[in-house]
Structure formats: C-alpha cells, structure tokens
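Which chain is which? The protein sequence lines are A and B, in order. The first sequence: position 97 = 96 (numbering that gives the first Met the number 0), numbered continuously. The second sequence: position 51 = 50 (numbering that gives the first Met the number 0), numbered continuously. Written out below as structure tokens is the structure these notes cover.
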Amino acid sequence: MEQSISVGIGPFVISFKTKSETLSFILRNRYKEYLKRPAKSGETVKAFLVAKPFNSIQSPRVLRGNNETVITRNDFISRSKSRQGKTDLAVTGNRYSLDSWLRVFLSLRALKRNGLLLHSAGWAMGKNTFIFAGESGRGKSSIIRILGKKNALSDELVLLYKKRGKEYFGCSTPFWGELSKGSGRLFDRKLKAIFFIRHSKNLELSKLSESEAARGILKTSLFFSKHPADNSKLLETAAKIARHTPAYELGFSLNTPRSDITRLLDEVSRWKK
Amino acid sequence: MEKIKKAKHLAYRKIGGIFFVVDSRSSVLHELSETASFLWERINGKNSEEDLSEILSGEFLVTPEQAKRDVSEFVEELKKAKLLEIL
Numbered sequence: 000m001e002q003s004i005s006v007g008i009g010p011f012v013i014s015f016k017t018k019s020e021t022l023s024f025i026l027r028n029r030y031k032e033y034l035k036r037p038a039k040s041g042e043t044v045k046a047f048l049v050a051k052p053f054n055s056i057q058s059p060r061v062l063r064g065n066n067e068t069v070i071t072r073n074d075f076i077s078r079s080k081s082r083q084g085k086t087d088l089a090v091t092g093n094r095y096s097l098d099s100w101l102r103v104f105l106s107l108r109a110l111k112r113n114g115l116l117l118h119s120a121g122w123a124m125g126k127n128t129f130i131f132a133g134e135s136g137r138g139k140s141s142i143i144r145i146l147g148k149k150n151a152l153s154d155e156l157v158l159l160y161k162k163r164g165k166e167y168f169g170c171s172t173p174f175w176g177e178l179s180k181g182s183g184r185l186f187d188r189k190l191k192a193i194f195f196i197r198h199s200k201n202l203e204l205s206k207l208s209e210s211e212a213a214r215g216i217l218k219t220s221l222f223f224s225k226h227p228a229d230n231s232k233l234l235e236t237a238a239k240i241a242r243h244t245p246a247y248e249l250g251f252s253l254n255t256p257r258s259d260i261t262r263l264l265d266e267v268s269r270w271k272k
Numbered sequence: 000m001e002k003i004k005k006a007k008h009l010a011y012r013k014i015g016g017i018f019f020v021v022d023s024r025s026s027v028l029h030e031l032s033e034t035a036s037f038l039w040e041r042i043n044g045k046n047s048e049e050d051l052s053e054i055l056s057g058e059f060l061v062t063p064e065q066a067k068r069d070v071s072e073f074v075e076e077l078k079k080a081k082l083l084e085i086l
C-alpha cells in the first residue's frame with residue numbers, strides 16, 4: 000500500500016509517496032521532528048526502493064534539460080519536472096543515501112527562493128539566529144558544544160532563505176555533523192549575522208567587507224549544479240545575503256567561555272550593518 | 000587585432016566592487032582583483048587586448064607600456080583558465 004509522508008524543512012514541504020516499507024520506515028524515523036501534514040502546494044516525490052547501487056558515480060551530479068532536473072549518484076537517481084513539482088526518485092534503502100539526495104534536492108529548491116544550504120552551525124538567541132560557517136575542521140560542532148545544543152539549528156548545514164521576499168531567515172535542518180542529532184527543537188529565526196569561524200587561541204572578531212562575506216558564502220554553500228543559470232542564481236543569492244547581513248571572521252578556542260561568546264553575540268546584534 | 004569575449008559557460012557577478020566568476024564546467028570559483036574587475040567589465044567582444052591597454056592607461060596611473068604588460072598577463076591568465084573566447 001502506498002504511504003504518504005511529508006517532510007517540512009523551513010518553507011519547503013516535500014511529500015514522499017512510496018510503497019516501500021523500508022523507505023517509509025527511514026523517512027518516519029530519520030525525519031521524525033520534521034514530519035508535516037501534506038501541503039496542498041509543494042513537492043511530491045514518488046520514491047522507489049532499489050536493491051543496490053546502480054552506477055559508479057561517487058559524488059552527486061545535477062543535470063538540467065527539457066524542463067527536467069536529474070540528480071544522480073551511485074545510490075540514487077531522481078528526475079523532476081521543473082514546473083509540476085513532481086519528482087520520481089529511485090534510492091537504495093539506506094538513510095545516508097536518502098539524506099544525501101535530500102540535501103542536493105533542497106539546495107536546488109532553496110535557490111529558487113534566493114536561499115541556500117550553508118556548511119554552518121546555527122544558534123538561536125531570542126528572535127535571532129547566528130550562523131557560524133566554515134569548512135570541515137573549522138569548529139562548527141565545537142562552537143555548538145560551547146554554546147549548547149538546546150538552541151542549535153544544526154552543527155553542519157543550515158538553510159538560509161528569504162522569508163516573504165524580505166528578510167533572510169535561518170532554519171534548522173535534519174543534517175547534523177559530529178553532534179549527530181539536535182535537541183528535538185526546531186528553529187526558524189531572523190538571520191542576524193554570519194561568522195566565518197576558525198580556531199584561535201584568543202577570542203577574535205573582525206568585520207568582513209561585502210566581497211569577503213560573499214567569498215565565504217560561496218565557499219561554504221552546498222552546491223552541485225554545473226548549469227550556468229544555477230551558478231548565476233547562486234552568485235545573486237550570495238550577493239544578496241552579503242549585502243544585507245553583517246559578516247565577521249571569528250576566532251575562538253575550545254576554552255573560550257560560553258559567556259564571552261554570548262556577550263559578543265549580544266553586542267553584535269546591537270550593531271548596525 | 001583579435002577581439003576577446005567572455006566564455007559562454009561562465010556565471011559572474013560584481014559583489015562589493017569586485018567580480019566573482021564561476022566556471023560552470025569545472026565549478027571553480029575565480030575572484031578578480033579591482034583592476035582585473037575593471038578589465039573584466041570591458042571584455043565584451045568589441046575590445047581587443049590593445050584597446051584594453053589603452054583604456055587601462057587612460058583610467059589608472061600607469062604608463063602605456065606597463066598597461067600593455069598588465070593586460071597581456073591578465074589575458075593570458077584568463078586564457079589559461081579557459082574563461083575567454085578569442086574572436
């Protein structure tokens with residue numbers, strides 16, 4: 000019997016339809032904090048289970064053409080009709096495969112709304128969210144360990160998107176790094192500042208220019224499409240975020256007291272761009 | 000003189016005064032300096048290397064010889080990175 004399972008991440012609701020017990024089980028368990036009622040509008044993904052990897056492609060590829068988008072790797076392939084919001088997905092029965100596919104799919108959907116998935120940790124304070132971006136090893140999980148998981152959006156990938164065509168928001172995702180899993184709380188808050196982080200002996204903060212911020216955003220965004228139009232949109236999105244969001248370089252160590260960082264966040268949130 | 004043009008497979012945008020160029024084929028991100036950005040804006044299929052040298056020496060405090068060398072180096076780098084088409 001076909002089951003319908005809807006997953007909502009930020010403004011995106013993706014309704015999976017599948018007859019596979021394995022995929023239903025993975026979807027309900029892996030994304031249990033993100034399960035939603037099916038939305039009238041949104042994406043429908045017809046998911047089929049495949050027994051084993053079917054090609055040798057090791058990293059995801061995005062192909063565009065004839066109003067279709069194909070996302071493929073050795074353990075999944077999907078085909079989306081651009082205007083209909085309908086996707087067929089064949090995937091192996093493995094949570095990592097489904098996760099990887101969803102990341103790529105979401106990154107393309109986010110782009111349509113001037114958003115992106117940023118390799119970053121996110122932390123909510125009051126009505127705002129602060130993003131700590133950086134490649135692997137820069138300290139995304141470390142900063143969440145210091146600040147505490149309770150108010151964390153993720154320690155690996157945060158979704159940034161433009162809400163109601165106005166301000167940028169940062170929201171929780173099910174994609175976590177070293178900390179594996181969130182606190183069970185989901186956040187969708189106004190983006191207050193982006194920090195590009197690095198390890199350093201002392202707590203150090205320096206303001207970044209618009210172009211430096213854009214460089215950081217481009218280098219830390221999750222993006223696989225080789226289509227020039229997608230790349231143009233990525234540049235446009237990075238430019239918009241860099242223009243409207245204060246950005247800093249932040250050096251910290253594992254010994255930096257939590258109160259020093261929260262005090263700094265408090266100060267930064269009062270500064271004007 | 001040969002006219003030069005940006006390659007078709009590129010996406011580029013000026014952000015904070017400088018150009019970021021993404022090569023869609025290789026997914027490589029290129030970041031241009033201010034002077035390189037100035038020249039990039041003028042690579043339009045109508046200007047040749049010589050034209051760019053003249054424009055550069057007219058705009059910046061460099062001798063025509065220095066401008067010629069700078070433009071030539073820049074164009075070579077762009078060619079090497081496959082960011083240009085020669086018409």
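Just so you know, even glycine gets a beta-carbon here, dropped at the ideal spot from N, CA and C.
Worksheet item: Got a sec, what are the start and stop residues for the beta strand (DSSP E) A/GLU203 sits in?
Response: Residue 203 of chain A sits at position 204 when you count from the first residue of the first sequence. From DSSP, the beta strand (DSSP E) with A/GLU203 extends over 203-206.
Discussion item. Less than 9 Å between the beta carbons of B/VAL20 and B/LEU86, yes or no?
Written reply: Here residue 20 of chain B corresponds to residue number 21 of the second sequence, with the count starting at 1. Here residue 86 of chain B corresponds to residue number 87 of the second sequence, with the count starting at 1. No, they are not a contact pair.
Item to complete: Can you pull the chain A residues whose beta carbon is under 7 Å from the beta carbon of B/GLY57, in chain order?
Response: Numbered from its first residue, the second sequence carries residue 57 of chain B at position 58. Going along chain A, no residue has its Cβ under 7 Å from B/GLY57, so there is no contact; the nearest lies around 25 Å.
Fill in: Residue-level contact to chain A via CB, B/ILE42, 9 Å cutoff
Taking the second sequence and counting its residues from 1, one reaches residue 42 of chain B at position 43. Judged by the 9 Å Cβ criterion, B/ILE42 is not in contact with chain A.
Fill in: Counted within 10 angstroms of its Cβ, other Cβ atoms place B/PRO63 as buried (16 or more) or exposed
As a working note, residue 63 of chain B is residue 64 in the second sequence. Exposed, because fewer than 16 other Cβ atoms sit within 10 Å of the Cβ of B/PRO63.
Item to complete: From the DSSP output, read off the bridge partner residues of A/TYR160.
Response: Start at 1 with the first residue of the first sequence, and residue 160 of chain A comes out as number 161. Answer is A/PHE168, bridged to A/TYR160.
Fill in: Beta-carbon proximity of A/ASP187 to A/PHE168, cut-off 9 Å
Locating residue 187 of chain A in the first sequence gives position 188, counting from the first residue. Locating residue 168 of chain A in the first sequence gives position 169, counting from the first residue. Yes. Within cutoff.
Discussion item. Suppose contacts are defined by Cβ-Cβ distances below 9 Å. Is A/LYS161 in contact with A/GLY215 by that definition?
Written reply: If you number the first sequence from 1, residue 161 of chain A lands on position 162. If you number the first sequence from 1, residue 215 of chain A lands on position 216. Against a cut-off of 9 Å, the Cβ pair of A/GLY215 and A/LYS161 comes out as no contact.
Fill in: Beta-carbon proximity list for B/LYS5, same chain, < 6 Å, skipping 5 on both sides
Looking up residue 5 of chain B in the second sequence gives position 6. Excluding sequence neighbours, B/LYS5 sits near ILE42.
Practice prompt. Run through the region 30-74 of chain A for me and flag every whole beta strand (DSSP E) of 3 or more residues, listed as ranges in chain order.
Written response: 42-49, 60-64, 67-72
Worksheet item: For B/LYS67, which residues of its own chain have a beta-carbon under 7 Å away from its beta-carbon, when the five flanking residues on both sides are left out?
Response: To locate residue 67 of chain B, count along the second sequence from 1; it is residue 68. Excluding sequence neighbours, B/LYS67 sits near SER52.
Item to complete: Please report how far the alpha carbon of A/ARG63 lies from the alpha carbon of B/ARG24, in whole angstroms.
Response: Within the first sequence, numbered from 1, the residue matching residue 63 of chain A stands at position 64. Within the second sequence, numbered from 1, the residue matching residue 24 of chain B stands at position 25. Roughly 13 Å between the two C-alpha positions.
Worksheet entry | Proximity below 9 Å, CB of A/LEU204 to CB of A/LEU249 | Working through the first sequence from its first residue, we reach residue 204 of chain A at position 205. Working through the first sequence from its first residue, we reach residue 249 of chain A at position 250. Yes, the Cβ-Cβ distance between A/LEU204 and A/LEU249 is below 9 Å.
Item to complete: Sort A/ASN28, A/GLN57, A/ARG82, A/GLU20 by Cα distance to A/GLU42 and report the nearest one.
Response: Counted from its first residue, the first sequence places residue 42 of chain A at position 43. Comparing Cα-Cα distances from A/GLU42 to each of A/ASN28, A/GLN57, A/ARG82, A/GLU20, the minimum goes to A/ARG82.
Worksheet item: Contact between the region 192-206 of chain A and the region 220-230 of chain A: three or more CB pairs below 8 Å?
Response: no
Worksheet item: Going along chain A, which residues have a C-beta under 7 Å from B/HIS8?
Response: Mapped onto the second sequence, residue 8 of chain B falls at position 9. Here the neighbours are PRO227.
Worksheet item: I think A/VAL274 touches A/ASP74, with their Cβ atoms under 8 Å apart; what is that distance to the nearest whole Å?
Response: The structure shown does not extend to residue 274 of chain A, since chain A is modelled only from 0 through 272, so no value can be given for it.
Worksheet entry | Any C-beta of chain B under 9 Å from that of A/LYS111 | As a first step, residue 111 of chain A must be located in the first sequence, where it is residue number 112. Not one chain B Cβ lies under 9 Å of A/LYS111.
Worksheet item: Which residues in the same chain have their Cβ closer than 7 Å to the Cβ of B/GLU1, if we skip the five residues on either side of it in sequence?
Response: Start at 1 with the first residue of the second sequence, and residue 1 of chain B comes out as number 2. Cβ within range, chain order: SER47, ILE85, LEU86.
Practice prompt. Consult DSSP for A/LEU116 and reduce its assignment to one of helix, strand or coil.
Written response: Counted from its first residue, the first sequence places residue 116 of chain A at position 117. In this structure, A/LEU116 counts as strand in the three-state DSSP scheme.
Item to complete: Report the option in A/THR255, A/SER210, A/ALA237 whose CA atom is closest to the CA atom of A/PHE222.
Response: Locating residue 222 of chain A in the first sequence gives position 223, where the first residue counts as 1. For the residues A/THR255, A/SER210, A/ALA237, the minimum Cα distance to A/PHE222 belongs to A/ALA237.
Practice prompt. Check distances from the C-beta atoms of the region 196-226 of chain A to those of chain B and list, in chain order, the residues that come in under 9 Å.
Written response: SER208, GLU209, SER210, GLU211, ALA212, ALA213, ARG214, LEU217, LYS218, PHE222, PHE223, SER224, LYS225, HIS226
Discussion item. Can you confirm whether A/ARG137, when its beta carbon is compared against all beta carbons of chain B, has any partner nearer than 9 Å?
Written reply: Translated into positions along the first sequence, residue 137 of chain A becomes position 138. A/ARG137 does not count as touching chain B.
Practice prompt. With a floor of 3 residues, list each beta strand (DSSP E) that falls wholly inside the region 115-147 of chain A, ordered by position along the chain.
Written response: 115-124, 127-132
Worksheet item: When the Cα atoms are used, what is the spatial distance from A/ALA120 to A/ILE145?
Response: By 1-based counting over the first sequence, the position of residue 120 of chain A is 121. By 1-based counting over the first sequence, the position of residue 145 of chain A is 146. C-alpha separation (whole angstroms): 12 Å.
Worksheet item: How many angstroms separate the CA atom of A/ARG184 from the CA atom of A/PHE104?
Response: In the first sequence, residue 184 of chain A corresponds to position 185, counting from 1. In the first sequence, residue 104 of chain A corresponds to position 105, counting from 1. Their backbone Cα atoms lie some 23 Å apart in a straight line.
Worksheet item: Can you name the start and end residues of the beta strand (DSSP E) that B/PHE19 belongs to?
Response: Taking the first residue of the second sequence as 1, we reach residue 19 of chain B at position 20. Per DSSP, B/PHE19 belongs to the beta strand (DSSP E) from 17-22.
Worksheet item: Hey, is B/GLU84's beta-carbon within less than 9 Å of any beta-carbon in chain A?
Response: The count along the second sequence starts at 1 and reaches residue 84 of chain B at position 85. It does not; no Cβ of chain A falls within 9 Å.
Practice prompt. Kindly say whether B/VAL21, judged by its beta-carbon, lies nearer than 9 Å to any beta-carbon of chain A.
Written response: For the purposes of this step, residue 21 of chain B is taken as the residue at position 22 of the second sequence. Interface residue, yes.
Worksheet item: Thinking just about the alpha-carbon of each residue, which of B/GLU40, B/GLU49, B/LEU31, B/HIS8 is nearest to the one in B/GLU76?
Response: The residue labelled residue 76 of chain B in the question sits at position 77 within the second sequence. Checked all of B/GLU40, B/GLU49, B/LEU31, B/HIS8; the closest Cα to B/GLU76 is B/LEU31.
Discussion item. I want to check one thing, is the minimum distance from the CB of A/SER19 to the heavy atoms of the ligand FMN below 8 Å?
Written reply: The model depicted lacks the ligand FMN and carries no ligand whatsoever.
Worksheet entry | Euclidean distance between Cα positions of B/ASP69 and B/PHE59 | Numbered from 1 along the second sequence, position 70 holds the residue referred to as residue 69 of chain B. Numbered from 1 along the second sequence, position 60 holds the residue referred to as residue 59 of chain B. Cα to Cα, B/ASP69 sits roughly 12 Å from B/PHE59.
Discussion item. Against chain A, which members of the region 20-39 of chain B pass a CB distance test of less than 8 Å?
Written reply: VAL21, SER23, ARG24, SER26, LEU28, GLU30
Worksheet entry | Neighbouring residues, chain B, relative to A/LEU101 (Cβ below 8 Å) | As a working mapping, residue 101 of chain A is identified with position 102 in the first sequence. What A/LEU101 touches in chain B: nothing, since even the nearest Cβ is about 21 Å away.
Discussion item. Give me, in chain order, the residues of the same chain whose beta-carbon lies closer than 7 Å to that of A/ALA109; leave out the 5 immediate sequence neighbours on both sides.
Written reply: Taking the first residue of the first sequence as 1, we reach residue 109 of chain A at position 110. Same-chain partners within the cutoff: LEU115, LEU116, LEU158, TYR160.
Discussion item. Quick check: A/PRO59 and A/THR71, are their CB atoms within less than 9 Å of each other?
Written reply: Locating residue 59 of chain A in the first sequence gives position 60, counting from the first residue. Locating residue 71 of chain A in the first sequence gives position 72, counting from the first residue. For A/PRO59 and A/THR71, yes; Cβs fall inside 9 Å.
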